[in-house]
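Engineer:
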Amino acid sequence: MKATLSPWQRFIGLLQLDNRDIRQIVYYAIFAGLVALSLPLGIQAIINLIQGAQISTSWIVLVALVTLGVIFQGVLQIMQIRILESIQQKIFTRSSFEFAYRFPKIKVSELRNQYPPELANRFFDTLTVQKGLSKILLDFPAATLQIIFGLLLLSFYHAFFIIYGMLLVGLIYLVFRFTARKGMTTSLQESKSKYKVAHWIQEVARSILSFKLSGNTSLAMRRNDKLTKDYLIARESHFRVLLIQYIYMIGFKVLVTSGLLIIGGLLVLNQEMNIGQFVAAEIIILLVIASVEKLIVGLETFYDVLTSLEKLGQVVDKELEPQDGIDPFATRQTLHIELENLGFTSPDGVSILNNISFKVDTNERILIAGGSGSGKSTLLKLLSGLIFPTSGSIYINNSSIKGIWPNLYRRKIGQVLPDQHPFEGTILDNITFGDTSISQDRVFEVLDKIGLLPFIKTQPNGLKTILYPEGQQIPHSVAKRIVLARAIVHEPVLLLLKDPLEHFEPEDAENIIEYLTSNHQPWSIIVASRNPLWRKRVTRVLTLDNGNLISNSNA
Numbered sequence: 027m028k029a030t031l032s033p034w035q036r037f038i039g040l041l042q043l044d045n046r047d048i049r050q051i052v053y054y055a056i057f058a059g060l061v062a063l064s065l066p067l068g069i070q071a072i073i074n075l076i077q078g079a080q081i082s083t084s085w086i087v088l089v090a091l092v093t094l095g096v097i098f099q100g101v102l103q104i105m106q107i108r109i110l111e112s113i114q115q116k117i118f119t120r121s122s123f124e125f126a127y128r129f130p131k132i133k134v135s136e137l138r139n140q141y142p143p144e145l146a147n148r149f150f151d152t153l154t155v156q157k158g159l160s161k162i163l164l165d166f167p168a169a170t171l172q173i174i175f176g177l178l179l180l181s182f183y184h185a186f187f188i189i190y191g192m193l194l195v196g197l198i199y200l201v202f203r204f205t206a207r208k209g210m211t212t213s214l215q216e217s218k219s220k221y222k223v224a225h226w227i228q229e230v231a232r233s234i235l236s237f238k239l240s241g242n243t244s245l246a247m248r249r250n251d252k253l254t255k256d257y258l259i260a261r262e263s264h265f266r267v268l269l270i271q272y273i274y275m276i277g278f279k280v281l282v283t284s285g286l287l288i289i290g291g292l293l294v295l296n297q298e299m300n301i302g303q304f305v306a307a308e309i310i311i312l313l314v315i316a317s318v319e320k321l322i323v324g325l326e327t328f329y330d331v332l333t334s335l336e337k338l339g340q341v342v343d344k345e346l347e348p349q350d351g352i353d354p355f356a357t358r359q360t361l362h363i364e365l366e367n368l369g370f371t372s373p374d375g376v377s378i379l380n381n382i383s384f385k386v387d388t389n390e391r392i393l394i395a396g397g398s399g400s401g402k403s404t405l406l407k408l409l410s411g412l413i414f415p416t417s418g419s420i421y422i423n424n425s426s427i428k429g430i431w432p433n434l435y436r437r438k439i440g441q442v443l444p445d446q447h448p449f450e451g452t453i454l455d456n457i458t459f460g461d462t463s464i465s466q467d468r469v470f471e472v473l474d475k476i477g478l479l480p481f482i483k484t485q486p487n488g489l490k491t492i493l494y495p496e497g498q499q500i501p502h503s504v505a506k507r508i509v510l511a512r513a514i515v516h517e518p519v520l521l522l523l524k525d526p527l528e529h530f531e532p533e534d535a536e537n538i539i540e541y542l543t544s545n546h547q548p549w550s551i552i553v554a555s556r557n558p559l560w561r562k563r564v565t566r567v568l569t570l571d572n573g574n575l576i577s578n579s580n581a
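Mapped onto this note's numbering, the consecutive letters of the sequence shown carry residue numbers 27 to 581.
#1: Count the other C-beta atoms from every protein chain shown that fall within 10 angstroms of the C-beta of aspartate 467, then say buried if there are 16 or more, exposed otherwise.
#2: Thinking C-alpha only, which one of Pro33, Arg148 and Leu434 is nearest aspartate 350?
#3: Can at least three beta-carbon pairs, one atom from the stretch 49-60 and one from the stretch 93-112, be found at a separation below 8 Å?
#4: Mind the definition here: the stretch 251-266 touches the stretch 140-159 only if three or more C-beta pairs lie below 8 Å; say whether that holds.
#5: Beta-carbon separation of leucine 313 and alanine 62 under 8 Å?
#6: In the DSSP assignment, the beta strand (DSSP E) including tyrosine 421 goes from what residue to what residue?
#7: Under 6 Å Cβ to Cβ from isoleucine 394, same chain only, skipping five residues before and after it: list those, please.
#8: One question on the structure: do lysine 506 and glutamate 528 come within less than 8 Å of each other, judged by their Cβ atoms?
#9: Where do the ends of the beta strand (DSSP E) carrying alanine 395 lie?
#10: Thinking just about the alpha-carbon of each residue, which of Leu335, Thr212, Ala224 and Phe123 is nearest to the one in tryptophan 34?
#11: Going by DSSP, name the residue or residues bridged to glutamate 364.
#12: Using a 10 Å radius around the Cβ and a threshold of 16 neighbouring Cβ atoms, would you call threonine 404 buried or exposed?
#13: With distances taken Cα to Cα, identify the nearest neighbour of isoleucine 162 among Glu136, Gly196 and Phe328.
#14: Within the continuous beta strand (DSSP E) that includes isoleucine 552, where are the two ends?
#15: Identify the continuous alpha helix (DSSP H) that holds glutamine 10 and give its terminal residues.
#16: Given tryptophan 226, which residues of its chain have a CB within under 7 Å of its CB, disregarding the five upstream and five downstream residues?
#17: Determine the closest residue to leucine 281 out of Ala306, Arg261 and Ile315, with distance taken between C-alpha atoms.
#18: Can you give me the C-alpha to C-alpha distance between lysine 513 and valine 442, rounded to a whole angstrom?
#19: Measuring CA to CA, which of Ser550, Ile352 and Ala246 is closest to leucine 361?
#20: What is the C-beta distance between glycine 196 and leucine 180, in whole angstroms, given that I count them as a contact (C-beta under 8 Å)?
#21: Look at the alpha carbon of alanine 55 and the alpha carbon of serine 372, and state the distance between them as a whole number of angstroms.
#22: Where does asparagine 433 fall in DSSP's three states?
#23: Report the rounded CA-to-CA distance for alanine 246 versus lysine 385, giving the unit in angstroms.
#24: In angstroms with no decimal places, state the Cα-to-Cα distance between aspartate 387 and isoleucine 363.
#25: Would you mind working out which of Ile500, Glu471, Gly397 and Thr462 sits nearest glutamate 450, comparing C-alpha positions?
#26: Does the structure place the stretch 345-359 close enough to the stretch 167-187 that three or more beta carbon pairs sit under 8 Å?
#27: Which stretch, first to last residue, makes up the beta strand (DSSP E) that contains aspartate 571?
#28: Count the CB pairs spanning the stretch 39-47 and the stretch 282-290 that are closer than 8 Å, and state whether there are at least three.
#29: Among Thr416, Ile378 and Arg437, whose alpha-carbon lies nearest the alpha-carbon of leucine 575?
#30: Can you give, in chain order, each stretch of the alpha helix (DSSP H) that sits fully within the stretch 123-174 and has at least 4 residues?
#31: Tell me the rounded alpha-carbon separation between isoleucine 113 and aspartate 44.
#32: Could you pull the start and end residues of the beta strand (DSSP E) that glutamine 441 belongs to?
#33: Going by other Cβ atoms of all chains shown within 10 Å of its Cβ, with 16 needed for buried, is alanine 511 buried or exposed?
#34: Which partner residues of glycine 68 appear in the DSSP bridge assignment?
#35: For isoleucine 333, which residues of its own chain have a beta-carbon under 6 Å away from its beta-carbon, when the five flanking residues on both sides are left out?
#36: Would you say aspartate 47 and glycine 158 are within 8 Å of each other, going by their C-beta atoms?
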């Protein structure tokens, strides 16, 4: 299992992805910092020339150089912004593809007790990372370099400024040392509370009909009141950390400004500095103060970025299914499945299946019978490779299901399992999943056989009709037919079906069962259903009771 990274490690990893661009930003920041600090020196020289009370060529040249310096600094900032925009675009692109790639491949066990659509909301933290990282990369290097260069330059004016610079660096260290960790902790707690509020609002919206028909919707408000209160407490706790940092910053500004004005004034009075040097020193001091302020104020952005990376990590860290392995159909296109003493225990210790053993050969039609909670759905999930047995083995063409490549296996099987619904997209995409090797003739053939063609004909856009999530605008039977068409359109060698014809009219169900179980079909069928029509068409019936196989008989 992959080790969990700390927020700081995630941040370093993010920087490493764009280290070339970030190095360019730092180089530009170095040049911009040098130019910014050359301006006070130019102003110092201009003041000394102005004191001569006459216009000179040197004065004009210095004014021109200072102006060009400001222009050059602006050009460097524009170049930084251009690079930062490129980084932002790459962050969004990487994050979107990461989520789109990972969600279908996350192990089902990793999503236990989690609601995937709510988990997908973590994607919006990408926007926080985009904006926050841009601000950090623009402000932090520039501010840090300006502090370093400024203190070095001040040290040339008088030895006193060296001591003052060391005190400044020490103060900055103390602010980070004693508040950064607590700020990170409170920021994470604030984010968790925020997502709990968002999840509850999403849950109310998802179950809107239930809340509407309840006649009493105060539960939504009461739960929201509690969750919002928790968020406000967490937010206030985080704000107190920020407030302490702001107080330190204000105290620092007061001490530095007053101290350097007094000391600088005394140095001028003692003729250890001239007026030009005094003005230049004060400009440098103001730049240093502004830079320190950027660092401390920017800590909130830094916390937000680290917190967002941690939230994105809740998806990225989830273990994926194997992306390589044995192709069970590499040497044979027929099917042979063997279960040996199969057992499955849920993560909370409940035994669901015990010592299940049977075989499935090509073109068999098998019905799994049993009451509710007997383990039928779990058995189908095990056969599809969604979950793995906790004891015993499943062999697909003599290869352990734990060692095969799930994608290669599932290309050869069709499933109608619980929680399969139409997704937002065209009817054609819902059936073929974008597989261009499936011809439209094949699609229409399947639609005709399962009774979906009349519905398609009523749609102005036919197969191009857009479906809403979970097929909300279409009848339940149509949604079930679309999922069934998806399972059989690519002519699999195995069909795993769980109540595929639930709530169908008896005549429609009988016609579809007859089509699916015809001897001309290339697939084996394992179906779990209480519909008595299946018993007339299958070759074998397996009966489960409390996770035990109590009967394995010919139909």
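From the three backbone atoms N, C-alpha and C, an ideal C-beta is built for every residue, glycine too. None of the values given here were measured: they were computed from a predicted structure.
Structural biologist: This is what the structure gives:
#1: exposed
#2: Leu434
#3: yes
#4: no
#5: yes
#6: 417-422
#7: Lys402, Ala554 and Leu568
#8: yes
#9: 391-396
#10: Leu335
#11: Lys385 and Tyr421
#12: buried
#13: Phe328
#14: 550-554
#15: Past the edges of the chain, shown from 27 to 581, lies residue 10, and the structure says nothing about it.
#16: Arg249, Asn250 and Leu253
#17: Ile315
#18: First, the amino acid is wrong: residue 513 is alanine here, not lysine. Alanine 513 and valine 442: Cα-Cα distance of roughly 7 Å.
#19: Ser550
#20: With a Cβ gap of about 16 Å, glycine 196 and leucine 180 do not count as contacting.
#21: 56 Å
#22: helix
#23: 50 Å
#24: 7 Å
#25: Ile500
#26: no
#27: 566-571
#28: no
#29: Ile378
#30: 142-146
#31: 7 Å
#32: 439-442
#33: buried
#34: None; glycine 68 has no bridge partner.
#35: The question names isoleucine, yet the displayed sequence has threonine at residue 333. Here the set comprises Ser213, Leu214 and Ser217.
#36: no
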